[in-house]
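Here the sequence shown stands for residues 79 to 1140, where the numbers follow the working numbering.
Here's the structure, in structure tokens; my notes come after.
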Amino acid sequence: MQVFQQSDYYNHPAFSGFLPGIAGIHGTPLWVFYVNRGQAIISFGSESKDGSIAEFFSAAAAYRMVSEQGFRTFIKVIDDSSAGGNTLYEPFACQVDGGATSLQIDADEVNLTETSSELGIRVEVKYRTVPNARVGALIREVRLVNVGETPVSLEVLDGLSAVIPAGVDYGALKNNLTTAQAWMAARRTGLNSAVYQVAASLEDTANVEEVTRLNFATGYKQAGDALLPLAVVHDPDVLFPAQQALRTPNHFVTTPAAQLCEQPQIENGKLPCAFFADTLELAPGAHATYFELYGAAESAGLYQEFCAGITGPQVIQGYYDQGQQITAGITDVCDTRTANPHFDAYCRQNFLDNVLRGGFPHIEYTDSKDVYIPVYSRKHGDLERDYNWFVIPPEYYSQGWGNYRDVNQNRRCDILFVPQAGFENLWEFVSLIQTDGYNPLVVQGRSYRLVTPENLPASAGLPADIWQRMPLTAELLEGEFSPGQLYRTIEDEVPHGIDGAQVFRSVLGRSDAIVNAVHGEGFWIDHWTYNNDLLETCLAVFPEQRAELFWNQQVYPYYRNVHHVQPRTHKWQVLEDKIRQYDAVEEPEEAAETTDWVRTADGSVYLATLGEKLLGLAAIKFLTRDPFGIGMEMEAGKPGWYDALNGLPGLMGSSLPESWELLRLIRTLETAVVDVDELAVAAEIGHLYEAITGVLAMDCRSDRDLHRRWDTMAAIREEYRLQCRDGYSGKRTTLDREDLQALLRAMEQDVYAGLQRGRERNNGVYPTYLTSIPRDAAAVAAFTRSGKGAGELDFQLRPLPLFLEGLVRALAIENDPAERAAIHASVMGSPLYDRKLGMLRVNESLDKESHEIGRARAFTPGWLENGSIWMHMEYKYLLALLRAGLYREFWQLAKTALVPFMDPEVYGRSTLENSSFIVSSMHPDASLHGRGFVARLSGSTAEFISMWAIIFFGQEPFRLQDGQLQLHFDPCIPAELFDSRGEAACSFLHGTRVVYRNPSGCDVIPGGDFVPGSIQVKQRDTGTVHRCTGAIPSPYAAMVREGKIERIEVELIRKGKTNEGL
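The following block contains the structure:
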């Protein structure tokens, strides 16, 4: 992958970033954050902010703190002959002339270089994390090079200014650091190693626990093929004036390094450091290399085992090589080769960042079944996203937590890269949909439960007494376990002669996956919509399995939540003659959470087919539209995708994007019901469709008619939720296919009519958000008391200013090509288009809006979610252009809107990495226009992967033709991406190499002049080459999905031309 380099980085705008925190399947990850200031790394640790080794700082503080509390290097240049005496030089502290300092960022590595021409010294620093180890650790490599013409005598002090002892949590660091120092201890465990921990827990409770985990630092100097220990100093008062700022190590200035290291060090009661000292001479051209490792271990034994394994520089190099292999192994699945290497590198980096939010679809192959584990994921939190609490479990097969919407979107395309993942993601996220149409916010890592532990030894070929010989594993298997817990426990006690990996796979293959989630902070109205994308991607790869997927797998439960949406009478309030909607969700009396599922009257878990569950979802969402039948009500206290309109639910807001997605879902169901004659659904869902039949018969010509119909729909919805509050009855009813098709068609027409009504009420442009507030406060008060009369209320409809989201959904879902083109033209002619930047703003000006709509109104225009270029939504728009078939329009906008095509000097950071937002020209500070903020872990990565797939393969690569599976490539590749040989290539599915040859040198777009002609398909096992024309037929299409095809070469020819002789 390409490296981003920034010279004189401290004179460039500040930005932050992070190492990926991936240690391999059998490794222990750390989180590591850096800034383009000082020596880069400012914060790192284990699991969460509570596990800091170097304190977590918000970006605004990190830019200032890194030069003092981060890594430091002090070089004392000895000159006995000079009258001026010795010189103290601190690299990367703005002491050298411009051009001598640089920062290089790779996918999993950060490097710094500074050259002092005056002193003849070059300092090189490299950071990587340790992979495939039982502890998490950061490697810091420092190399000093004599680039002068004379020998130099040096004393060196290098290390970390402040090390947080294990057991000191984030709250203590930020709120009572002085007090917390009373618990702190640091001690040397050898000349070159120190450990840092508190002896006991800090909490003021009766349950005081001993802290056995520890943080550590250890340092070495390379001597050929050996490593020599470096003396460590953990007491900062040995180096710096006591209790003063850590600016200059005055004691080091005046005292030889060797003497400093011999001084007594206080072990308790202060915030410790970790500095390593050396004295050396360097001849011209000679260099010295130091390795420092900082990490966290669960026990002293693991720490000692890790240190004992560092036997030479080849071990460190092995860590480097393994880390590169892990990163390459992840990103190889989307390896892209075009005429633009920067674009190719961006494709890899984008995929890696998508993995960090959604997880990588790892498949564990067992003798029973293939087990899908989404590894490496975490909630997006970093120095700039300081508001989020991220968790990266420090265990093998690490699976972090994330929000339903985020994880769902970022796993959207897993099946395109690892088809063995199958429908696992669809099953997980649809299962978490509740009977009320909402879902828990927080999705946790998967756990597992062994189904029949007593039968395992015999069925897996293991010794009959295996559990007697592995008691800790046996105890673990009595409950739920994570893959990492299982592997580590087996690893700790597997008897000699037994393959621990086999035991692991045998257990995992005979275990059921358990989806873990918690309610979190509320119900957002858009979360269910991302299942539409998951479903569409699944069917693009497995179109022949539609009937099986929808109707033949009764495996989808309903998540049971103890939080419930309140009826209107409980959440509508009259406050000083203002009508508002507050306290929309009933909170449980106790903070109870459940991982249980909805059950029937007999206590069994209710299981539905996918089709049944989606029918229920479509019905409840159909009944949740606003009093004008336009948008989806924000009835549950939270908005949709646009979080910063947090006040809009209180203003009885509604949203068109979810109505567009409802239209999409209904169309999908209309197509799917063709595959069955009749279908059984829960009686409660059947009653909803009976009620919808009546609703559709109601008059809706006037606003008064719409309001009365809305009241009827809301009452049906509220009665249904009350009825299902404690589960389903278990009774089922049968729906006739033809009747259901007719009803779904009528629902589709009604939803579409509502969307057109919204456009008519907004001067011919689709709005995104509306408010529908009753005009009569007294009538509302009467309704909340009696529960009657809502249908006679008069509502005031008010569209908010333009937001990009509504037009994105309209562009992607509208069927009429002319309408799609008109939508795009309206966007490009509106204030949403930033002409200075050639990009799309997330909204137009909100200056005339009340602050009640949400925090977006308070943000500076052009910043965050107020008129900025919000990359996720802009990328959604680009993807919508492709889905709408507006291919040339896509590439025209992409040349200014896609990150790899931007100017890094304007963007202000690596153009291999996405940002959450780019400052638009609405911002009052013109120097910020075009600069990206909040790094990488954005939903934009998922949108680009979808774009990438359409660009290189088309929208529906797998299709059924006369009942036979075929693979059709329908690329959208501009001429400038074909290399000098006329080729462009990328990986497909299991790593099948797809190579396009375009001798014409022209643009290739679907429906254009050039189409696939001759196709050569090479089998992986035999090397046999099969030839076909236009499309890949059966059985080879299925073989591609199964990973049996190594290479596909596609000749792109002008329509009507043939490839004779092939």
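Ideal Cβ placement from N, Cα and C applies to all residues, glycine included.
Item: Let's see if you can read the secondary structure: which residues bound the alpha helix (DSSP H) around M776?; Value: Premise fails: M776 is in no alpha helix (DSSP H) and is neither H nor E.
Item: Starting from A896, trace the alpha helix (DSSP H) in both directions and tell me its first and last residue.; Value: 895-906
Item: Assign K154 to one of three DSSP states: helix, strand, or coil.; Value: strand
Item: Can you tell me whether P452 is buried or exposed? The criterion is at least 16 other CB atoms within 10 Å of its CB, across all chains shown.; Value: buried
Item: To the nearest angstrom, report how far apart T811 and V676 are at their CA atoms.; Value: 18 angstroms
Item: Enumerate in chain order the residues of its own chain whose CB-to-CB distance from G963 is below 8 angstroms, with the five nearest sequence positions on each side excluded.; Value: P895, R898, P1084, G1085
Item: Apart from the five residues on each side of it in sequence, which residues of its chain come closer than 7 angstroms, Cβ to Cβ, to Y720?; Value: F881, E883, E943
Item: Whole-angstrom Cβ separation of A140 and S94, contact assumed at under 8 angstroms?; Value: 6 angstroms
Item: Provide the residue span of the alpha helix (DSSP H) that contains V393, from first to last.; Value: 391-409
Item: List the endpoints of the continuous alpha helix (DSSP H) containing A824.; Value: 815-838
Item: Which residues in the same chain have their Cβ closer than 7 angstroms to the Cβ of W629, if we skip the five residues on either side of it in sequence?; Value: T687, G689, D753, V754, L757
Item: Using the Cα positions of S807 and Q644, report the straight-line distance between them to the nearest angstrom.; Value: 22 angstroms
Item: Taking 9 angstroms as the threshold (C-beta atoms), are G707 and A831 in contact?; Value: yes
Item: How would you write the range of the alpha helix (DSSP H) that Q580 sits in, first residue to last?; Value: 578-587
Item: Given a cut-off of 9 angstroms, decide if S537 and A591 are closer than it, judged by their beta-carbon atoms.; Value: no
Item: Under a Cβ-count criterion, where at least 16 other Cβ atoms within 10 Å of its own Cβ denotes burial, should P314 be classed as buried or exposed?; Value: buried
Item: Between the beta-carbon of E133 and the beta-carbon of S124, is there less than 9 angstroms?; Value: no
Item: Nearest by alpha-carbon distance to F873: which of S780, V829, N893, S908 is it?; Value: S780
Item: Using the three-state DSSP reduction, which class does V289 fall into: helix, strand or coil?; Value: coil
Item: By the 10 Å Cβ neighbour count, where 16 or more other Cβ atoms means buried, how is Q546 classified, buried or exposed?; Value: exposed
Item: So C1203 and C1064 are supposed to be a Cβ contact under 8 angstroms. How far apart are they, rounded?; Value: What is shown of the chain runs 79 to 1140, which leaves residue 1203 out entirely.
Item: Taking the continuous beta strand (DSSP E) assigned at C1106, which residues delimit it?; Value: 1103-1107
Item: Whole angstroms are fine: how far does the CA of I388 sit from the CA of L305?; Value: 8 angstroms
Item: Indicate whether Y167 and I199 have their beta-carbon atoms separated by less than 9 angstroms.; Value: yes
Item: Closer than 6 angstroms by C-beta to P531: which residues in its own chain qualify, once you throw out the five before and the five after it? Chain order, please.; Value: L555
Item: How should S682 be labelled, buried or exposed, when 16 other C-beta atoms within 10 angstroms of its C-beta is the threshold for buried?; Value: exposed
Item: Please determine if the segment 1035-1053 and the segment 1009-1022 are in contact, where contact requires at least 3 C-beta pairs separated by less than 8 angstroms.; Value: no
Item: Name the one or two DSSP bridge partners that V1095 has.; Value: H1104, I1126
Item: Could you tell me the distance, in whole angstroms, from the CA atom of L726 to the CA atom of Y660?; Value: 11 angstroms
Item: Could you give the DSSP three-state label for F170: helix, strand or coil?; Value: coil
Item: Might you give, ordered along the chain, the residues of its own chain that have their beta carbon closer than 8 angstroms to the beta carbon of V246, omitting 5 neighbours on each side?; Value: S130, A258, W261, M262, V276, L280
Item: Alpha carbon to alpha carbon, what distance is there between R624 and H765?; Value: 26 angstroms
Item: Measure the alpha-carbon distance for P391 versus E952 and round it to whole angstroms.; Value: 47 angstroms
Item: Report yes if the C-beta distance between F700 and D828 is below 9 angstroms; otherwise report no.; Value: yes
Item: Can you tell me whether DSSP reads I1083 as helix, strand or coil?; Value: coil
Item: Quick check on this structure: which residue in K252, F507, P621 has the alpha carbon closest to the alpha carbon of A750?; Value: P621
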